[in-house]
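Report on one structure; see the data block that follows.
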């Protein structure tokens, strides 16, 4: 049976030596986040901060810090939920192996929430100022809730069946928010809460919101699951948690999760938006201040012994990487049933998830012909970019399974080399120029506005990929320090315009041994690791503006190039600043890792 509360989870992790208590007083302003980042990078334990400066509530973090621990938290029902997904895909699977699906009826029983008259969440009340004022990065606009579970309902179809539970960041104070009275509510495109808010506005009725914090850890995972609109997150949480989610009815208001640690009850201020942010975000840069909806706080509830869970986001990988891995384990088999012809999709974590998608599809249209040009792959690509959060991708790289049936979508280096050995830059580059991108991505031409590119490759290899620098390599003036990132991929430090770089070179030059060239601010850093290459290249470029090529041409509005493709991945003036730790706080945390101190042997 899954955990009934966060307290039960913390106790279980402590018994199994997967959680460490930090009894020194820790400042929620930058210090707690710095400790968290260090312990996460060391693949360390969950952390219980028992003495939080200026706050009576303890804090816990890094619950999902490793994939192994995340699996441990959901060990009781993970297989049952996978089996439930398999039967949803193909109910006939049951008759092929009934014994395999013996755990499904139990999981299905927990899908339906249970209404109760009372629960621990009603134990006590507080004010916003009483909550942990967590600030993770020096330029953050104020304290944020980093593991919120934001609950809303459809005003046209009230009730849990059409509810939405999402993880949309919450700013507790700062900027123009009157303390204890208003807080900021940030959500991105393609989120269920936006549909609910739009309906409430059209109907002219109050848009009510409950923000749960804590409770069984399954609620956090449910809040980030990319579920179809027909499957409420509360139902998923019940199935994976092995317990029906308990809800307390509130006449005239939304129901409250009985077993949450905290609940902020409020109503969105009609027609009011205030600046929210900045906030150090998961791409590794700040998302800047922009107008977002404002929640009028009506009350703050908490249980006795409440614990405040938090995470820290920044340049990946971070703790939310484990969410992505467990989500893929559960939902990966669904992809081929949603987009026919697609075998696998990987939203690359090291690039910040949304900037880069890898996909493996099929070319089945002309089985009797030699595969030389992508055909069905382009149909698959368009379908992928029409699916919910996948539609926020900037780069979609897709190849055919038939060309290498053993290709692993998660072996990123091999995938890139497979594509670069086959792609034809004169034919296989397909742009969408003015469209939506991730709200948190500042490489485009406006908030939520940017471009996309599909790079599709099929058929036999057409080139050998260079693994070292050619002896006759030459670079235009202003460009230097070439470094090989991968076979076929070259990083070049540049101080001039990308167009001038391309114009100074010919498709016959030796540099074209590298089909992909990336112009960067620091070539050595970019080439040092695969993750560095992925992060720099795909978080610092907007395809339509920053892709160029050697020997470019445009025919019938199709762009291509005869030589290498060039991506300008240098930081531009309109980009958001990268995240940098506070030096004084870093030195304080260094001391905590010294012999005899609380973090010694952990970081």
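Residue numbers (the working numbering): 289 to 891.
Think of the CB as a built atom: it goes at the ideal place given N, C-alpha and C, for glycine as much as any other residue.
All figures in this text were calculated on a predicted structure; none of them were measured in a lab.
### Query
At what residues does the alpha helix (DSSP H) containing residue 387 begin and finish?
Here residue 387 refers to the residue found at position 99 when the chain shown is read from its first residue. Element bounds for residue 387: n/a, residue is neither H nor E.
### Endpoints, beta strand (DSSP E) assigned at residue 596
One-based indexing of the chain shown puts residue 596 at position 308. Note, residue 596: beta strand (DSSP E), 596-598.
### Task
Return the CA-CA distance between residue 427 and residue 871, expressed in angstroms with no decimal places.
Within the chain shown, residue 427 is the residue found at index 139, counting from 1. Within the chain shown, residue 871 is the residue found at index 583, counting from 1. Answer to the nearest angstrom: the Cα atoms are 13 Å apart.
### Limits of the beta strand (DSSP E) - the one that residue 773 falls within
The sequence position of residue 773 within the chain shown is 485, counting from 1. Residues 767-774.
#### Entry: N-terminal and C-terminal residue of the beta strand (DSSP E) that residue 584 is part of
Start at 1 with the first residue of the chain shown, and residue 584 comes out as number 296. Segment 578-590, the beta strand (DSSP E) holding residue 584.
#### Entry: Nonlocal neighbours in the same chain, by C-beta distance under 8 Å from residue 514, ignoring five residues either side
Mapped onto the chain shown, residue 514 falls at position 226. Hits under 8 Å: 615, 619, 676, 677.
### Task
Provide the residue span of the alpha helix (DSSP H) that contains residue 470, from first to last.
Locating residue 470 in the chain shown gives position 182, where the first residue counts as 1. Residue 470 -> not in any alpha helix (DSSP H); beta strand (DSSP E) instead, spanning 470-473.
### Task
Can you check the segment 649-679 for any alpha helix (DSSP H) of at least 4 residues that lies completely inside it and give the ranges in chain order?
You should have 664-672.
#### Entry: Beta-carbon proximity check, residue 346 vs residue 307, cutoff 8 Å
In the chain shown, counting from the first residue as 1, residue 346 sits at position 58. In the chain shown, counting from the first residue as 1, residue 307 sits at position 19. Not in contact: residue 346 and residue 307 (Cβ atoms no closer than 8 Å).
### Task
Within the same chain, show all residues whose beta-carbon is closer than 8 Å to that of residue 429, passing over the 5 residues directly before and after it, in chain order.
The residue given as residue 429 occupies position 141 in the chain shown. Contacts found: 459, 462, 463, 563, 564, 565, 566, 567, 577.
### Message
To the nearest angstrom, how far is the alpha carbon of residue 857 from that of residue 495?
### Response
One-based indexing of the chain shown puts residue 857 at position 569. One-based indexing of the chain shown puts residue 495 at position 207. Cα to Cα, residue 857 sits roughly 42 Å from residue 495.
### Start-end ranges of the beta strand (DSSP E) lying completely within the segment 503-584, minimum 3 residues
List check, beta strand (DSSP E) in window: 534-536, 550-564.
### Message
Which residues does DSSP list as the beta-bridge partners of residue 737?
### Response
Taking the chain shown and counting its residues from 1, the one referred to as residue 737 is at position 449. Residue 737 has 724, 734 as its beta-bridge partners, per DSSP.
### Message
Alpha carbons only, please: which of 545, 572, 775, 328 is nearest the one belonging to residue 865?
### Response
Translated into positions along the chain shown, residue 865 becomes position 577. Comparing Cα-Cα distances from residue 865 to each of 545, 572, 775, 328, the minimum goes to 572.
### Query
Hey, how far is the Cα of residue 797 from the Cα of residue 789?
For the purposes of this step, residue 797 is taken as the residue at position 509 of the chain shown. For the purposes of this step, residue 789 is taken as the residue at position 501 of the chain shown. Distance from the CA of residue 797 to the CA of residue 789, rounded to the nearest whole angstrom, comes to 13 Å.
#### Entry: Segment limits, beta strand (DSSP E) that includes residue 496
For the purposes of this step, residue 496 is taken as residue 208 along the chain shown, with counting starting at 1. Note, residue 496: beta strand (DSSP E), 496-501.
### Task
Take residue 319 and list the residues in its own chain whose beta-carbon comes closer than 6 Å to its own, dropping the five residues that flank it on each side.
As a first step, residue 319 is located in the chain shown; it is residue number 31 there, counting from the start. Once the five neighbours on either side are set aside, the close Cβ partners of residue 319 are 873.
### Message
In the DSSP assignment, the beta strand (DSSP E) including residue 412 goes from what residue to what residue?
### Response
Within the chain shown, the letter at position 124 stands for residue 412. For residue 412, the uninterrupted beta strand (DSSP E) run begins and ends at 412-414, by DSSP.
### Query
Where residue 822 and residue 309 are concerned, what is the direct C-alpha to C-alpha distance, given to the nearest angstrom?
Against the chain shown, residue 822 aligns to sequence position 534. Against the chain shown, residue 309 aligns to sequence position 21. The alpha-carbon separation between residue 822 and residue 309 amounts to approximately 36 Å.
#### Entry: C-alpha gap between residue 649 and residue 354, whole angstroms
Working through the chain shown from its first residue, we reach residue 649 at position 361. Working through the chain shown from its first residue, we reach residue 354 at position 66. Residue 649 and residue 354: Cα-Cα distance of roughly 30 Å.
### Query
When the Cα of residue 583 is compared with those of 575, 558, 598, which residue comes out closest?
What you label residue 583 is simply residue 295 of the chain shown in a count that begins at 1. With distances taken between Cα atoms, residue 583 lies closest to 558.
### Message
Using the three-state DSSP reduction, which class does residue 703 fall into: helix, strand or coil?
### Response
For the purposes of this step, residue 703 is taken as residue 415 along the chain shown, with counting starting at 1. DSSP places residue 703 in helix when its eight states are reduced to three.
### Message
Comparing C-alpha positions only, which one of 776, 783, 813 sits nearest to residue 800?
### Response
Stepping through the chain shown from its first residue, residue 800 is reached at position 512. Answer by Cα proximity: 776.
### Query
What three-state label does DSSP hand residue 713 in the structure shown?
Mapped onto the chain shown, residue 713 falls at position 425. DSSP places residue 713 in coil when its eight states are reduced to three.
### Task
Would you tell me roughly how many angstroms separate the C-alpha atoms of residue 621 and residue 328, rounded to the nearest one?
Position 333 of the chain shown, counting from 1, holds the residue named residue 621. Position 40 of the chain shown, counting from 1, holds the residue named residue 328. C-alpha of residue 621 to C-alpha of residue 328: approximately 29 Å in a straight line.
### Query
Ends of the alpha helix (DSSP H) at residue 874?
Within the chain shown, the letter at position 586 stands for residue 874. Judged by DSSP secondary structure, residue 874 falls within the alpha helix (DSSP H) whose first and last residues are 871-880.
### Message
Suppose you measure from the CA of residue 860 to the CA of residue 474; what does that come to, to the nearest Å?
### Response
In the chain shown, counting from the first residue as 1, residue 860 sits at position 572. In the chain shown, counting from the first residue as 1, residue 474 sits at position 186. Each residue's Cα considered, the two are about 25 Å apart.
### Query
Out of 335, 804, 322, 315, which has the shortest C-alpha to C-alpha gap to residue 297?
Against the chain shown, residue 297 aligns to sequence position 9. Ranked by how close their Cα comes to the Cα of residue 297, the residues 335, 804, 322, 315 have 335 in first place.
### Query
If you count every other CB in all the chains shown that lies within 10 Å of the CB of residue 500, and 16 or more means buried, which is it?
Taking the first residue of the chain shown as 1, we reach residue 500 at position 212. Burial state of residue 500 is buried, judged by a 10 Å Cβ sphere holding 16 or more other Cβ atoms.
### Query
In chain order, what residues of the same chain lie with their CB nearer than 7 Å to the CB of residue 370, ignoring the 5 residues before and after it?
Residue numbering aside, residue 370 sits at position 82 when the chain shown is read from its first letter. Cβ neighbours of residue 370 within its own chain (closer than 7 Å, five residues either side excluded): 618.
### Task
Provide the residue span of the beta strand (DSSP E) that contains residue 686, from first to last.
For this step, residue 686 is matched to residue 398 along the chain shown. For residue 686, the uninterrupted beta strand (DSSP E) segment begins and ends at 683-688.
#### Entry: Residue span of the alpha helix (DSSP H) that contains residue 790, given as start and end
Counting from 1 along the chain shown, the entry for residue 790 is found at position 502. Per DSSP, the continuous alpha helix (DSSP H) segment holding residue 790 begins and ends at 786-791.
### Query
residue 855 lies in the alpha helix (DSSP H); which residues open and close that run?
If you number the chain shown from 1, residue 855 lands on position 567. Premise fails: residue 855 lies in the beta strand (DSSP E), 853-856, not in any alpha helix (DSSP H).
#### Entry: For residue 432, the three-state DSSP class (helix, strand or coil)
For the purposes of this step, residue 432 is taken as residue 144 along the chain shown, with counting starting at 1. Collapsing the DSSP output to three states places residue 432 in a strand.
### Query
Hey, residue 815 and residue 780 are a contact pair by Cβ (cut 8 Å); roughly how many whole angstroms apart?
Along the chain shown, one-based indexing puts residue 815 at 527. Along the chain shown, one-based indexing puts residue 780 at 492. That belief does not hold up - the Cβ atoms of residue 815 and residue 780 are roughly 10 Å apart, past 8 Å.
### Task
Can you tell me the Cβ-Cβ gap for residue 682 and residue 738, rounded? I've got them flagged as a contact below 8 Å.
By one-based count along the chain shown, residue 682 stands at place 394. By one-based count along the chain shown, residue 738 stands at place 450. Separation of the CB atoms of residue 682 and residue 738 is rounded to 6 Å, and the pair is thereby assigned contact status at 8 Å.
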